[in-house]
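Here is the structure we will look at, set down as structure tokens.
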Amino acid sequence: MEKVNIVRVMLHEMSWAEAKGYFARSDMAIVPVGSNEQHGPQNPLGTDHLIAKAISEETAKRTGVLCLQVIPYGVSSHHKQFWGTIYISNKTFKNYVEEACLSLGYYGIRKIIIVNGHGGNRCALIDMSRELREKGIFVSVFQWWEAVSKILPSFFTPEEEGHAAAEETSLNLALYPQIVNMDKAVDEEPRKHAIEVEGLKLPLDTVDETSSGVFGKSTTASAEKGKRVLEAVINELVKHVNTLKKTRIEDLMQKPRV
Ligand SMILES: [Zn+2]
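Heads up: the sequence shown begins at 28 in the numbering used here, then just goes up one per residue.
Here it is in structure tokens:
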């Protein structure tokens, strides 16, 4: 049989010898993280981690940068009244992702891109990236909806941009149409809590605001829009990976006091 030379990018598909070869030539890795939480009656519970996984794996293929398996569970206790939500505390999630990053650091990885699919993970990840910078590892946190926030309004109205609404559902339709059930899609305007006013940050759960788990309009989702947004997201992430490749680790570390 003809020997085909395949360049692998997924760590779990490499042998230790292949991993050794990668770590000898690169100091970069991509770590996708997400959640397993309700996304309305039409979307799979895995929406946030499945999107982060797809974006990361495609970027790894295009750039040759190592990619870890997606970390699927995140900070989601606010969705727990909906069945099947797996919720991890901020502290445990932060420590778990940090220790995965430190394992990479042991092999010489100094630049890590966390591809986060779930807004609830954000605080823990920012906290973690500050701690890791002190330890000599630079972590950037990429969130797809922020990376393309300028173009999203040309595809979706504000009511279509909420949790489990048309925006997220469209990405799912583009990536995983077999596990989206559009017959079950609903539109629901979130309820305002009695004490809610502008400028307050309240520790509310999803059930305080919606009955279906959808924040806004989901019935208008389309695979076509999802594909166009995904391509824009992957382009942004590839750009960031290539910029980091060219940046010396010394220029990313904390500066000494002057
Ligand atoms: Zn989501």
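Every residue gets a Cβ at the ideal spot worked out from N, C-alpha and C, and that includes glycine. Computed from a predicted model, the values in this text were never measured in an experiment.
| request: Identify every run of the beta strand (DSSP E) within the stretch 114-181, keeping only runs that are complete inside it and at least 3 residues long; order them along the chain. | output: Entirely contained in the stretch 114-181, the beta strand (DSSP E) runs reaching 3 residues are, in chain order, 138-143 and 165-170.
Bridge partners of M37, per DSSP?
-> The sequence position of residue 37 within the sequence shown is 10, counting from 1. According to DSSP, which records beta bridges pairwise, M37 is partnered with C94.
| message | Along the chain, where does the beta strand (DSSP E) containing I57 start, and where does it finish? | response | By one-based count along the sequence shown, residue 57 stands at place 30. That run of the beta strand (DSSP E) goes M55 to V60.
#### Entry: Extent of the continuous alpha helix (DSSP H) to which L198 belongs
For the purposes of this step, residue 198 is taken as residue 171 along the sequence shown, with counting starting at 1. Where L198 is concerned, the enclosing alpha helix (DSSP H) starts and stops at A193 to L202.
Three-state secondary structure (DSSP) of P88: Within the sequence shown, residue 88 is the residue found at index 61, counting from 1. Correcting the residue type first, residue 88 is Lys in the shown sequence and not Pro. Residue state, collapsed to three classes: helix.
Report task. Kindly indicate which three-state DSSP category E282 falls into: helix, strand or coil? Result -> On the sequence shown, residue 282 is found 255 positions in, with the first residue counted as 1. The sequence given here has Lys at residue 282, not Glu. K282 falls in the coil class under three-state DSSP.
If we ignore side chains and look at the alpha-carbon of each, how far apart do G67 and D278 end up? On the sequence shown, position 40 is the one that residue 67 refers to. On the sequence shown, position 251 is the one that residue 278 refers to. Spanning the two alpha carbons is a distance of roughly 44 Å.
Worksheet item: Can we count L45 as close to ligand 1, meaning its CB is less than 7 Å from some heavy atom?
Response: Locating residue 45 in the sequence shown gives position 18, counting from the first residue. Note on identity: in this sequence residue 45 is Glu, with Leu being the wrong assignment. Incorrect: E45 has no Cβ contact closer than 7 Å to ligand 1.
| query | With 16 as the cutoff for other CB atoms within 10 Å, does K70 come out buried or exposed? | reply | Taking the first residue of the sequence shown as 1, we reach residue 70 at position 43. According to the sequence provided, residue 70 is Asn. The question's Lys does not apply to it. Under a 10 Å Cβ-count criterion, N70 is classified as buried, with 16 or more other Cβ atoms of the shown protein chains found around its own Cβ.
Which of helix, strand or coil DSSP assigns to N26:
Absent from the model: residue 26. The displayed extent of the chain is 28 to 285, so no value can be given.
Measuring straight from C-alpha to C-alpha, what distance separates T86 and L227?
Along the sequence shown, read from residue 1 onward, the residue named residue 86 stands at position 59. Along the sequence shown, read from residue 1 onward, the residue named residue 227 stands at position 200. Spanning the two alpha carbons is a distance of roughly 37 Å.
Practice task
Over the uninterrupted alpha helix (DSSP H) stretch that includes R275, give me the two end residues.
Solution key: To locate residue 275, count along the sequence shown from 1; it is residue 248. Taken as a continuous stretch (DSSP letters only), R275 belongs to no alpha helix (DSSP H), as it is neither H nor E.
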